[in-house]
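If you count the sequence shown from 1, position 48 lands on 48 in full-length UniProt numbering, and the numbers rise without skipping. The block underneath contains the structure these notes are about, expressed in structure tokens.
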Amino acid sequence: MADVCIGQMCLSLCFFCFDVFRTDTTFHFNGKLTCGTQGAPFKVNFLSVYERDLIKDDYLGTIQNFEKDGSGFKYAIDVKDNGDGPFNEVYEIFFVIQHDCTPDRQLINQRVSMTGFQVMNGQFYHTLDIDLQKSKRRLV
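Spelled out as structure tokens, the structure:
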């Protein structure tokens, strides 16, 4: 009986420690999505934000409404993550953008990686303009 109580106490202590060291980081991303110099109209269906993890990537949020601005679309999204797991001190953020900025106007899901962000309690403000035609295409 005492072994069970000690085991439960150790398990509770582990969960308490992870909760104490949990960090809440808010990201404020904005920028403009363009489609090179084609000049033809294009569409963007969504932009999703993820944080890369070893086993399963963290889904942080999606926007589907964009403001048309000349040759592209403005985006702004605020998302939050609460740490990147034990022994990992950098958030590896990436976007998945569904758009038809392709020669044949086929819809694709394009992954766009970002710079690493230090894990911390606080806020990051980051502006990134993305030319969907020139950006390295990594389809997902």
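We put the beta carbon where it would ideally sit given N, CA and C, even for glycine. Predicted model, so just to flag it, every value in this text is computed and none were measured.
8 Å contact criterion, which residue i and residue j should meet: CB distance rounded
i	j	result
D104	K43	Not confirmed; about 14 Å, so no contact.
K134	G31	Going by Cβ atoms, the distance from K134 to G31 rounds to 14 Å, so no, they are not a contact pair.
Where residue i falls, given that 16 or more other Cβ within 10 Å makes a residue buried
i	result
Q110	buried
D129	exposed
Y91	buried
I55	exposed
E51	buried
L47	buried
L132	buried
Beta-carbon proximity check, residue i vs residue j, cutoff 8 Å
i	j	result
D58	D81	yes
F71	T102	In the sequence under discussion, the amino acid at residue 71 is Ser, which differs from the Phe named in the question. Taking 8 Å as the Cβ cut-off, S71 and T102 do not qualify as a contacting pair.
F66	H126	no
T26	Q123	yes
Q98	N45	yes
Own chain residues within Cβ distance below 6 Å of residue i, not counting five before or after
i	result
S113	F94
D78	H28
T74	At residue 74 the sequence reads Lys, which differs from the Thr that was named. Only K32, E67 meet the Cβ criterion.
Q64	F46
A76	N30
Same chain only: Cβ atoms within 7 Å of residue i, ignoring 5 sequence neighbours per side
i	result
G116	V90, Y91, E92
D69	K32
Beta-carbon proximity list for residue i, same chain, < 8 Å, skipping 5 on both sides
i	result
N121	T23, D24, T25
Run through the segment 42-79 for me and flag every whole beta strand (DSSP E) of 3 or more residues, listed as ranges in chain order. Here the runs fully enclosed are 44-51, 58-63, 67-69.
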